[in-house]
Every structure is written in structure tokens, then in C-alpha cells.
Amino acid sequence: MKALLYQGDKKLSLTQIPEPEGEFIVRVKACTICGTDLKTYLHGHPNFKPPCILGHEFIGSVEKAPAGCGYFKGDCVVVAPYGECNKCENCLHGSKELCNNKRRISSGAFCELVSIPEDFIEDGVIKLASADEVFTLTEPLACVLTAMEKMNLSENSNVLIAGGGPMGVLFALSLSARNISVTLSEPIKDRREMAENLGLKTISPEDAKAKDYDNIVVAVNVPELAELYINEIADGGTVHLFAGLPAQTKLSIDASSIHYRGVTIVGSSGFHLSAFHEAYEIISNNKEHFRRLITHRFGIDEAIKAFETLAAGLAFKVCIMP
Ligand SMILES: [Zn+2]
Ligand SMILES: [Zn+2]
19 MKALLYQGDK KLSLTQIPEP EGEFIVRVKA CTICGTDLKT YLHGHPNFKP PCILGHEFIG
79 SVEKAPAGCG YFKGDCVVVA PYGECNKCEN CLHGSKELCN NKRRISSGAF CELVSIPEDF
139 IEDGVIKLAS ADEVFTLTEP LACVLTAMEK MNLSENSNVL IAGGGPMGVL FALSLSARNI
199 SVTLSEPIKD RREMAENLGL KTISPEDAKA KDYDNIVVAV NVPELAELYI NEIADGGTVH
259 LFAGLPAQTK LSIDASSIHY RGVTIVGSSG FHLSAFHEAY EIISNNKEHF RRLITHRFGI
319 DEAIKAFETL AAGLAFKVCI MP
């Protein structure tokens, strides 16, 4: 099969590799490029050692399924790239997104076929009415929903999302869908406009006053912003470190923010499967709204151009179609 192999910094190659083995095989129809994929492509990532296949936000159609599993060849599906084991210590403590023993699909999805472990069919696969690419957003939205669980939200909350990339926008949309007041801060005018077209309130970062917000989500990997917001958020506020910062990054914060001002610092990455299912429901109920986030589409032969387009800041959510 054809696969897009990540071979190191800024090196991708389209290569023929053996098809994956397994009883449940999905033919990938669309896979969006995630911020993590882009970061890996540009600078490498400790979790993705080359050569490997990136891509985890995908939909497809069933190519092969075991008898009696409820799926047949041709069924359209969205698949979670991984799911918790429900048995390890982290799962039992309720932090399923941090599962130590995740069940995973055979590889990334910038390729033609992926194999799904049989014990993952029941809770990691969702049947779709058609191969609708909007459901590639299920995984990123699941990460947002998982992150929202860590915040201290009330009906009176006023939330600032710092960073108007796709994750920041998904976060803001999810909060406003719950009728929580939210403002998206983003320096790039085009991105602010895009968010405004989706009905979001935006602000440029220099105009955002941290003390006006009781919850701030840092959805951009700028450590200085995390420091600023921890030091200046409203008393009793919560700062969520949503964008990944490189390991060993040190933050310089005023300890009195924690003790005297009662500021809470939280963070999260990834998702658990109930959030994945909830994300699917949310998107199903508002497909046309979410579809506007996907701005570019490329065939797999143009995958390198797809990454370059995203890297150049010319796109929002870029979809690759194998
Ligand atoms: Zn993702
Ligand atoms: Zn586990």
C-alpha cells in the first residue's frame, strides 16, 4: 500500500509498504493534519521516531471485518487512534487519557490501510452514514472535551482562549455551545476573522487583560504566555496548559499567585474514549458548522504540499485523502 513515511525533520516520502495484517482493516478516506503532526514534521517529536507514519484524525471504510462484529465491508467509520485499557492504575484513578497500556491502531493514518485490534472494535470505532470528512475532527474535539473536564467552569465563567489555531477555535466553540462566555485571543488578523465568522468573540493578545478572566486556556506553545496568565489571572482562577511545551521547559511564576490568590494550574493532553463518543455526537448535530474548519484538501500524492501549506500558515485544517 501507499504510505506517507515521516523520515526526519522536513522529510516525508511516499513509499510502498506491506499492508497491515489483522481481522479488522479500515481503508483511510480522509485524515487531517494535527498540530502534533506538523510539529513532528518540522522539528521532530519524542513520541514519533522516524521512520513512521503520522496522522491520527481520520475516517475510512471497512475493508475487512470479522463475522458477527456488526461491521461489513464498505461501512463508513470514524476510528479513535487509541483507547484506554480500563485496567491500569491511571485508568482506575479516572485519568483514562493517561492510560499506561493504551490499545492502538496499527500505524498512523497517512496511508491507505490501518488495522484495528479486535478488542477495540466495540468502543474505538463508530459507524458513519457516509465517509464524511467532517468526522476527522472527532479526535481533536475529544481532546478539547477531555481538557474541559479539568477546568473550573461555572455559568458565570468568563474564559480566555489564547491561540486561535484549530484547537483554540474548537475549544472556544465548545465553550460557547455550553453558553459560557469566551473570548479567543489571536495575533493574526485572518485567523481572528475566521473565528469571528464562526460566531466567536476575538481579541488581539495585547488587548487581553488576564485579570478579567477566571479560566484561561493556553492553546499556543509560548511559555511566557503561561507565566503571564498564571501571574495575572483573576483571583481563584484556573490556567489550563493545553498546548504542549517541550520537556524540561521551566516556568517562572509568582508563588503568591498559588497561595494568596488561589490560582490553579491544570493541563491535559489526549483524550479518553467517552469524550471521543461525545465529540462524535456534537459534530453529528452540527456538521455544517464544523465543516468550515477544514479549509484545504489534498490527495496523498500531494501530501508534502499539504504539510508545506499548513507550515506556511496558509491553512486552518488540512485534509489528506489517500
Ligand atoms: Zn490530533
Ligand atoms: Zn489504562
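Note that my numbering has the sequence shown beginning at 19, numbered continuously upward.
Even for Gly, the Cβ is constructed at its ideal location relative to N, Cα and C.
Quick caveat, the model's predicted, so the values are computed rather than measured.
Nonlocal neighbours in the same chain, by C-beta distance under 7 Å from residue i, ignoring five residues either side
i	result
A102	The question names Ala, but residue 102 in the sequence shown is Glu. Within the same chain, E102 has close Cβ partners C109, K114, C117, K120, H290 and L291.
D253	R279 and G280
K323	F316
R309	V152
A241	Reading the sequence as shown, one finds Pro at residue 241 and not Ala. So the qualifying residues of the chain are L263, T267 and L269.
Rounded separation between residue i and residue j - CA only
i	j	result
R196	N104	29 Å
A228	L171	16 Å
I318	T327	14 Å
F294	V238	22 Å
M212	I144	30 Å
G217	A333	19 Å
P38	L188	33 Å
P41	L32	Checking the displayed sequence, the identity of residue 41 turns out to be Glu instead of Pro. Near 26 Å, if we compare the C-alpha coordinates of L32 and E41.
L243	C106	35 Å
H414	D150	Residue coverage of the chain in this structure runs from 19 to 340, which leaves residue 414 outside it and unanswerable.
G62	A329	14 Å
G182	I123	30 Å
E224	P158	28 Å
Y59	C337	16 Å
S203	I300	24 Å
N304	V97	19 Å
K82	F90	7 Å
E320	D230	45 Å
V236	A147	35 Å
C94	I77	7 Å
Nearest residue (CA-CA) to residue i, options the options
i	options	result
G186	Y24, L72 and I221	I221
D27	K20, L269, F42 and D55	D55
S287	G262, P340, S302 and P38	G262
C52	L146, C161 and V281	C161
S199	L191, L216 and V177	V177
K67	E41, E75, L30 and G92	L30
T313	S302, D208 and E245	D208
I276	I35, E245 and T267	E245
Y100	L193, C87 and H74	H74
I179	G88, A226 and I283	A226
L155	M339, P340 and K335	K335
Y298	M339, V152 and D93	V152
G92	E173, P64, R45 and A127	R45
S133	V80, L146, I283 and S148	V80
A127	C70, E214 and L202	C70
H258	C129, P36, V284 and L191	V284
E130	G88, A85, E296 and L72	L72
I43	T267, P135 and L193	P135
Nonlocal neighbours in the same chain, by C-beta distance under 8 Å from residue i, ignoring five residues either side
i	result
Q1	Any answer about residue 1 is impossible in this case: the structure gives the chain only from 19 up to 340.
G112	none
P64	A265
G331	I206
Cβ neighbours of residue i in the same chain (closer than 6 Å, five flanking residues each side left out)
i	result
N233	M169, S175, V177 and T256
E214	T220
M339	A48 and G317
T201	L178, K219 and I221
So does the segment 241-254 actually touch the segment 267-281, counting three or more Cβ pairs closer than 8 Å?
yes
The segment 162-176 in contact with the segment 138-146 per 3-pair CB rule at 8 Å
Counting Cβ pairs under 8 Å, fewer than three are found: no touch.
Which residue spans inside the segment 142-184 form an unbroken alpha helix (DSSP H) run of at least 4?
156-166
Which residue spans inside the segment 291-324 form an unbroken beta strand (DSSP E) run of at least 3?
312-317
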